[in-house]
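K.L.:
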Amino acid sequence: MSRKISIPAIVFSILLVSVSANIANAETIPEWVKNNALWYGQGVISETEFLNAIKFLIENDVLIIEGSDMKFSNNVDATVIIPNGNSDIANVGFYLPLNLEIPVGVTVTWVNDDSVPHNIQSQDDSGKVIDIFNSPPLNTGDRFEHTFDEEGVYKYHCSWHPWRVGLITVN
Ligand SMILES: [Cu+2]
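Under the working numbering, read the sequence shown as residues 16 to 186, first letter to last.
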C-alpha cells in the first residue's frame, strides 16, 4: 500500500471518485465526504482538516488505497435485514447482522424481509423506547433509514416482537 500521494492528487481523486460514484450509485459515498471535498475546494476548511478527514477514512477502511487505485469499501453501505420468520420467538430469525458496526456518518437501512409487519424502535439501556430512531410500521419489503452522526452503541427492538433486540455500534 502506497501513501506517498500528493495533496492535489488526493483532492482530485476524491472529487473524481465522488463524481463517478454519484453516477454509478449515489448512496455509496457519505454526505460528509462530499462536503469535505467541496469545502476544501472552496477554501472553507484548511488543508489539515481535509487531510484529517482523508486520514480518518483510510484508518477506518472506508477508503482503500492500493497502488494507484482508490476505492470506497462496502462497509459504507449499511443494511440490516429483518429476516423471514423474525416474528416467531421459536425461530432463529435474528436481525442480520445482529450487531452492525459502522463509522460515524453512515446511514443504516433496515429492510423488512419477513411476511408480517415490524417496526424499529430505539431503546435506552433499560429497554425503554427513546426518540432517536423510530420507524412507522414496516410492511414486507418496506425500508427505514437513520443516519448515525455520533459514536455509541445503539440498542433497538420491534415493539410488537420485543424479544427481537439488535445493536448498531458506531465508532
Ligand atoms: Cu416485529
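Using N, Cα and C, we set each Cβ at its ideal position, and we do this for glycine too. Every value quoted in this text rests on a predicted model; they were computed, and no experiment measured them.
Within 8 Å, do at least three Cβ pairs link the stretch 138–151 to the stretch 106–119?
P.N.:
No, the stretch 106–119 is not in contact with the stretch 138–151.
K.L.:
Using only the alpha-carbon positions, how far apart do Gly142 and His172 sit?
P.N.:
Cα-Cα distance, rounded: 9 Å.
K.L.:
For Lys143, report the span of its beta strand (DSSP E) as first-last.
P.N.:
Segment: none, Lys143 is in no beta strand (DSSP E) and carries neither H nor E.
K.L.:
So, are the CB atoms of Phe65 and Trp54 less than 9 Å apart?
P.N.:
Contact flag set, yes.
K.L.:
Return the CA-CA distance between Glu96 and Thr63, expressed in angstroms with no decimal places.
P.N.:
Looking at the sequence shown, residue 96 is not Glu but Ile. Rounded to whole angstroms, Ile96 to Thr63 spans 39 Å at the Cα level.
K.L.:
Since Ile183 and Phe159 are thought to touch, with beta carbons under 8 Å apart, how far apart are those beta carbons, to the nearest angstrom?
P.N.:
About 12 Å; that fails the 8 Å criterion.
K.L.:
At a cut-off of 8 Å, is His161 close to ligand 1 when judged by its beta-carbon and the heavy atoms of the ligand?
P.N.:
No, ligand 1 has no heavy atom inside 8 Å of this Cβ.
K.L.:
At a threshold of 8 Å, does Ile97 count as lining ligand 2 (C-beta to nearest heavy atom)?
P.N.:
Because ligand 2 does not appear in the structure shown, any question about it cannot be addressed here, the ligands present being ligand 1.
K.L.:
For Pro132, which residues of its own chain have a beta-carbon under 7 Å away from its beta-carbon, when the five flanking residues on both sides are left out?
P.N.:
Correct list, in chain order: Pro152, Leu153 and Asn154.
K.L.:
Between the beta-carbon of Asp139 and the beta-carbon of Asn99, is there less than 9 Å?
P.N.:
Cβ distance not < 9 Å, so Asp139 and Asn99 don't count as in contact.
K.L.:
In angstroms, rounded to a whole number, what distance separates the CA positions of Thr124 and Gly156?
P.N.:
When rounded, the distance between both Cα atoms is 12 Å.
K.L.:
If we call anything under 9 Å between Cβ atoms a contact, is Val185 one with Val168?
P.N.:
Yes, the pair counts as a contact, with Cβ atoms nearer than the cut-off.
K.L.:
Is the Cβ-Cβ distance between Ser174 and Asn127 less than 9 Å?
P.N.:
No, the pair does not count as a contact, with Cβ atoms beyond the cut-off.
K.L.:
Quick check: is any heavy atom of ligand 1 less than 8 Å from the C-beta of Ser102?
P.N.:
Yes, since a heavy atom of ligand 1 falls inside the 8 Å radius drawn around the Cβ of Ser102.
K.L.:
Report the CB separation of Val119 from Glu74 in whole angstroms; it is logged as a contact under 8 Å.
P.N.:
Not a contact, Cβ separation roughly 12 Å.
K.L.:
Taking 7 Å as the limit between beta carbons, can you name the residues of its chain near Asn67, skipping five residues before and five after?
P.N.:
Contacts found: none.
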